[in-house]
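*Asks:*
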Amino acid sequence: MQTIALHIAADHPAFAGHFPGMPITPGVVLLDLALTAITSHLQREPAGCRLNNVKFLRPVMPDTELTLQYETSDSGNIRFDILDAGHVAVSGAFHA
Numbered sequence: 001m002q003t004i005a006l007h008i009a010a011d012h013p014a015f016a017g018h019f020p021g022m023p024i025t026p027g028v029v030l031l032d033l034a035l036t037a038i039t040s041h042l043q044r045e046p047a048g049c050r051l052n053n054v055k056f057l058r059p060v061m062p063d064t065e066l067t068l069q070y071e072t073s074d075s076g077n078i079r080f081d082i083l084d085a086g087h088v089a090v091s092g093a094f095h096a
């Protein structure tokens, strides 16, 4: 299992409208961070991929330090978890 540190800055533009007064990180932002970090770590182009079994299990607040854990299979599938304070916030898999 590989581990990558991620950070969601409090001034990320996605927080402006998601949601005023109680900002949470949009799921698409979390998926983009995960896919970009993993493909960069694997030195692959972040070209089209198919997401499977994605689950958003807890909200991620602004200015949060996250841990991305992932593992690859021989078939090219990549299973990942995004953890917030040791708790899984997002889990899923993709094929790149």
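Note that the UniProt record's numbering numbers the sequence shown so that position 36 is 36, with each residue one more than the last. Every residue, glycine too, gets a C-beta built ideally from N, C-alpha and C.
How many Å lie between residue 79 and residue 71 at the Cα?
*Replies:* 5 Å
*Asks:* Can you give me the Cβ contacts of residue 50 inside the same chain, cut-off strictly under 7 Å, excluding the 5 residues immediately before and after it?
*Replies:* 94, 95
*Asks:* With the cut-off set at 7 Å, would you say residue 89 and residue 42 are in Cβ contact?
*Replies:* Result no, Cβ atoms of residue 89 and residue 42 do not sit closer than 7 Å.
*Asks:* Can you tell me which of the three DSSP states residue 108 falls into?
*Replies:* For residue 108 there is no data in the structure shown, the boundaries of the chain being 1 and 96.
*Asks:* Distance, Cα to Cα, residue 34 vs residue 7?
*Replies:* 11 Å
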